[in-house]
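Residue numbers (our numbering), protein chains in the order written: chain A, 9 to 121; chain B, 39 to 150.
All C-beta atoms in this analysis are idealised placements derived from N, C-alpha and C, irrespective of residue type, glycine included.
One structure below.
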C-alpha cells in the first residue's frame, strides 16, 4: 500500500540553526500538507501546497517557515532559525486530486536544544 | 469547518464492539464526516468517511443519523492495538487542499 514517507525520523538541533524536514508524498497525489504536534497537544495545521504554491497557511506558519517541492517527488519544510518552541512532531500528508482524504506520514520528531 | 463534540475518553473490552459517538450539529450540506485515529506518537491514520449513507470498510463502520447531526464509528471487534485517540472531523469532501482541523478526539482504551 502506498504511503507517505518522512525523513529524518528524529532530529536534534541547536536553537538558531536551520532545519529541513523531508517528505515523499504518495506518488499520484497533488495536494501536500505539513502539520505539527507539540507533545501532549493537538495536531495543528501548518500549510497546504498545490501546483507549486501555498494554497493555505495557518498563523503558526510565519516567515521562519517555508515549503518547497524541489523535484517531482520530494516536499520539504524548512525552519530557518529554530526556537525551543519549535520542538514537536512534524507530519507530512498528501491527498489526491478529486479526493479529500488526507494520508499522513509517520512524522519527524524535532528537538530544539 | 463545522465543530464536532466527542467524549474525552472511553473504555472497551477486547473482542467487543467499540462505539464512538460524535456530534456535529452545525454540519453543512457539502461537508463529509471523516474519522481518523492516532496511535501513540504515530501519524494520524485515515479510517473511514461518509456523507449521509452508512459506510463500512475493513476497519470500521460509520453510522450517520438521518439529520446528519451526529454519527457513530463502530469498531466491530476491538483489539488491544485499537487503543488510540479517535478524531471525528467534518469538512468538504471530494475537493482537495482543505486543511483538516483536529480537535482533542476520544481516547479509546481497549482492555484485556
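- Residue 11 (chain A) sits in coil when the DSSP states are folded into three classes, being neither helix nor strand.
- The Cβ atoms of residue 116 (chain B) and residue 60 (chain B) lie no closer than 8 angstroms to each other.
- Scanning its chain for C-beta atoms nearer than 7 angstroms, with the 5 sequence neighbours on each side dropped, one finds around residue 89 (chain B) the residues 70 and 131, in chain order.
- For the stretch 84-96 of chain B, the set of positions with a beta-carbon nearer than 7 angstroms to some beta-carbon of chain A reads 84 and 87 in chain order.
- A distance below 8 angstroms separates the beta carbons of residue 148 (chain B) and residue 118 (chain B).
- Against residue 129 (chain B), the close residues of chain A are 108, in the order they occur along the chain (beta-carbon pairs closer than 8 angstroms).
- Counting only unbroken stretches of 4 or more residues, no alpha helix (DSSP H) element lies wholly within the stretch 91-118 of chain B.
- Around the beta carbon of residue 87 (chain B), a 10 Å sphere encloses 16 or more other beta carbons of the protein chains shown; the residue is thus reported as buried.
- By the C-beta criterion, the stretch 81-95 of chain A is judged not to be in contact with the stretch 108-115 of chain A, since fewer than 3 inter-stretch pairs fall below 8 angstroms.
- The straight-line gap separating the alpha-carbon atoms of residue 10 (chain A) and residue 34 (chain A) is approximately 6 angstroms.
- At a cut-off of 8 angstroms, the C-beta of residue 44 (chain B) has no neighbouring C-beta in chain A.
- The Cβ atoms of residue 100 (chain A) and residue 27 (chain A) do not sit closer than 8 angstroms to each other.
- Setting aside the 5 residues that flank it on each side, residue 112 (chain A) is surrounded in the same chain by 12, 43, 99, 100 and 101, each with a C-beta closer than 8 angstroms to its C-beta; the list follows chain order.
- One finds nothing in chain B with a Cβ atom closer than 8 angstroms to the Cβ of residue 17 (chain A); even the nearest lies about 11 angstroms away.
- In this structure, the straight-line span from the alpha carbon of residue 78 (chain A) to that of residue 140 (chain B) is close to 29 angstroms.
- Residue-level contact check: residue 89 (chain A) does not touch chain B, since none of the beta carbons of chain B fall below 8 angstroms from its beta carbon.
- Less than 8 angstroms separates the beta-carbon of residue 52 (chain A) from that of residue 68 (chain A).
- Under the 8 angstroms criterion on CB atoms, residue 27 (chain A) is classed as non-interfacial with respect to chain B.
- For residue 137 (chain B), the closest Cβ of chain A is nearer than 8 angstroms.
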